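J.: Structure provided below as structure tokens; questions to follow.
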Amino acid sequence: MMHSSSHSNARSSIFASIRENLAKSEPFNEEHQEAKSEPRTGVLFVETNTSEVFRESLEMVGAKCTFVENEIEAADRLRSIVGDRSATEIIVSDSELVHRIVNAAGINAIQDASRDELFSSAIGITSAQWAIAETGTLVLESGAERHRLASLVPPVHVCIVTTSSIRQSMAEILKLMDPDANRAITFVTGASRTSDIELTLAIGVHGPGELYVVVIKDQ
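Numbering (the working numbering), first residue to last: 112 to 330.
Laid out in structure tokens, this is it:
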């Protein structure tokens, strides 16, 4: 019990330190200005602007992003991604949003995947609790979504998010997250990238080589 408490305190201290340093950060340069004021945690930036920044950031890191009006359109997009690969071995997280869309798409998927099923799967489908517009990063909290390995092991990762989950910066999201509620937090920015000592870039060696993000507009 003492060990658990100490671990929790250490995690909280780390998050507090990150928040403090992000708040102190100076603007990068004239081309990339960051607000010097405290991040607004309860208010979204103008949705169209933030969403478009998120889309552009995703494309810059090699991901493919599609905005849809509702879950029916999300199911259509998911069916298209799966159909293009004739994939049959598909694993999913335990997200209710993912389950609804996978079922609507008529896709057979495995939720409680074994180790062998994970490493033989073609596509992993998850949601994300947050999305960072300025970097195109997806944030998966273990306290909210189990089976995050679906985002890390298969060669193709499909992530389904809503526009209300998009925030402008990492600082905003760190303000909103409770580190004590999560044993682990996964940050996904584009496909897996690895460089050797000669800086030769390889895609998909240590994780998904393709990332698709489906963003559902909140009604």
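We put the CB at the ideal spot given by N, CA and C, even for glycine.
Just so it is clear, the structure is predicted and the values come from calculations on it, not from any experiment.
(1) Measure how close the beta-carbons of A242 and F165 come, nearest whole angstrom, since I'm counting them as under 8 Å.
(2) So, for H268: in the same chain, excluding its five sequence neighbours on each side, which residues have a beta-carbon less than 6 Å away from its beta-carbon?
(3) In angstroms, rounded to a whole number, what distance separates the CA positions of D366 and V203?
(4) Can you give me the Cβ contacts of D329 inside the same chain, cut-off strictly under 7 Å, excluding the 5 residues immediately before and after it?
(5) Comparing alpha-carbon positions, which option in S253, S231, G247 lies nearest V264?
(6) Leaving aside the five residues before and after I296 along the sequence, list all residues of the same chain whose C-beta is less than 6 Å from its C-beta, in chain order.
(7) May I ask which residues mark the beginning and end of the alpha helix (DSSP H) holding T199?
(8) Give the secondary structure of T286 by DSSP, where H, G and I count as helix, E and B as strand, and everything else as coil.
(9) Just the Cα atoms here: how many angstroms apart are I183 and V326?
(10) Can you tell me whether E163 is buried or exposed? The criterion is at least 16 other CB atoms within 10 Å of its CB, across all chains shown.
(11) Going along the chain, which unbroken runs of the alpha helix (DSSP H) with 4 or more residues stay wholly within the stretch 206-283?
(12) According to DSSP, simplified to helix, strand and coil, what is E182?
(13) Pull up the distance between the alpha-carbon of K175 and that of R278, whole angstroms please.
(14) What number of angstroms, rounded off, separates the C-alpha of S191 from the C-alpha of E180?
(15) Just to check my reading of the structure: E256 and S206 have Cβ atoms closer than 8 Å, yes? What is that Cβ distance to the nearest angstrom?
(16) Put V80 into one of helix, strand or coil per three-state DSSP.
(17) Does DSSP put V203 in a helix, a strand or coil?
T.: According to the structure shown:
(1) 6 Å
(2) G235, S262, P319, L322
(3) Residue 366 cannot be examined here, being either before or after the span of the chain that is shown, 112 to 330.
(4) T273, T274, S275
(5) S231
(6) E252
(7) First-last for T199: undefined, no H or E at that position.
(8) The sequence given here has Lys at residue 286, not Thr. Note: K286 maps to helix in three-state DSSP.
(9) 12 Å
(10) exposed
(11) 207-216, 226-231
(12) helix
(13) 19 Å
(14) 16 Å
(15) 5 Å
(16) No statement about residue 80 is possible, as the shown extent of the chain runs from 112 to 330 and does not include it.
(17) strand
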